[in-house]
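All remarks here apply to the structure that follows.
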Amino acid sequence: MSTGNAGAYPIDVWGLIITIVLVAVAAGLSYAMRLGVHRQMLWATIRSLIQLLAMGYILKFVIEQNNPWLVFALIAVMILAAVQITMSRAANIPRSVMPSVFLTLTASVILQVCVVTEMVIRPHPWYAPTVLATMSGMLLGNVVSAIAVAMSRFFSDMDARRYEIEMMLSLGATPFEAAKPSTISSVKLGMIPTISQLASSGIVLIPGMMAGQVIAGADPLTAAKYQFVVLAVISALTLMADSLIMILIYKTSFTALHQYKTADAR
């Protein structure tokens, strides 16, 4: 088989049907064992198929048009959708943090486009939708999960430490100092999946981007380089996003007079 054949193994309708049947069998096993995840799994699978096919058609259109305004319009829609998904995934967080989430996701994408895409990959043209849109999508997917976990942990940890925080404030600590233990533990928790994936890639795991390129006929070494860049960039920008969101939201737990706010008062 030639490694230059980009369409080496196309997936037809029967391939999709067999995949869905496999998921249905797994869901049936969950139902038989009373695991309680069969409905969520089936719904997530159907939703994933619809969304991915829709994005495939959209990307095809944007790539064919090769218009920078369309590329950035698509990225803007992706960011807005990512904000909504983040807010829905994060448990027990105040709605007031939504602008901070939007700012964090936007800053992450801008940094990725300006530094990584244009200085590392250097596509031609510079706004190449095959690079900008796909890289932004991969980045947002990871950042959304990380900051949703981090925010959920932060607010729950702050409520659990309420009396400790009030004592620290009464002894002269600043809100930042009082929130610091919760901030550190939240960032660490949010980064666990990203760091684990980065550490295990290549030996235990062949990540999706590399596997997809190799299956499609790309050179394995080239695919490995692209995969490394993607994983390293996502890890770095996810840590920056986690840190930024903590800096932006920790003040929501305190009043202007540096008093601790309970969950009901936020």
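If you count the sequence shown from 1, position 60 lands on 63 in the numbering used here, and the numbers rise without skipping.
No residue lacks a Cβ here, since even glycine has one placed at the ideal position from N, Cα and C.
Predicted, not measured: the structure shown is a model, and the values here were computed from it.
Worksheet entry | Nearest-angstrom Cα separation, counted from Met161 out to Tyr263 | 9 Å
Discussion item. For Asp245, report the span of its alpha helix (DSSP H) as first-last.
Written reply: 223–252
Worksheet item: Out of curiosity, what's the CA-to-CA distance linking Ala76 and Met101?
Response: 20 Å
Item to complete: Might you give, ordered along the chain, the residues of its own chain that have their beta carbon closer than 6 Å to the beta carbon of Leu201, omitting 5 neighbours on each side?
Response: Leu234, Ser238
Worksheet item: Should Ala227 and Met213 be called a contact, given that it needs their Cβ atoms to be closer than 7 Å?
Response: yes
Item to complete: Using the Cα positions of Asn69 and Met170, report the straight-line distance between them to the nearest angstrom.
Response: 59 Å
Discussion item. In this structure, how does DSSP classify Tyr12 when only helix, strand and coil are distinguished?
Written reply: coil
Practice prompt. Taking all protein chains shown into account, decide if Val123 is buried (16 or more other Cβ within 10 angstroms of its Cβ) or exposed.
Written response: exposed
Fill in: Unbroken alpha helix (DSSP H) run spanning Ala176, endpoints
Careful: Ala176 lies outside any alpha helix (DSSP H) and carries neither H nor E.
Worksheet entry | According to DSSP, residues forming a beta bridge with Phe257 | Tyr263
Worksheet item: If you drop the 5 nearest sequence neighbours on each side, which residues of the same chain put their C-beta closer than 6 Å to that of Val329?
Response: Here the chain covers residues 4 to 269 and nothing more, so residue 329 does not appear.
Discussion item. Tell me the DSSP secondary structure of Leu38 in three-state form.
Written reply: coil
Worksheet item: What's the gap between the Cα of Ala219 and the Cα of Pro13?
Response: 8 Å
Discussion item. At the level of alpha carbons, what is the spacing between Thr109 and Ile250?
Written reply: 16 Å
Worksheet item: How many Å lie between Val301 and Leu135 at the Cα?
Response: Residue 301 cannot be examined here, being either before or after the span of the chain that is shown, 4 to 269.
Worksheet item: The alpha helix (DSSP H) spanning Thr107 covers which residue range?
Response: 101–114
Practice prompt. With distances taken Cα to Cα, identify the nearest neighbour of Leu172 among Phe257, Gly215, Val65, Leu114.
Written response: Phe257
Worksheet item: Count the other CB atoms within 10 Å of the CB of Phe157; is the residue buried (16 or more) or exposed (fewer)?
Response: buried
Fill in: Nearest-angstrom Cβ-Cβ length linking Val80 and Pro132, presumed shorter than 8 Å
Not a contact, Cβ separation roughly 13 Å.
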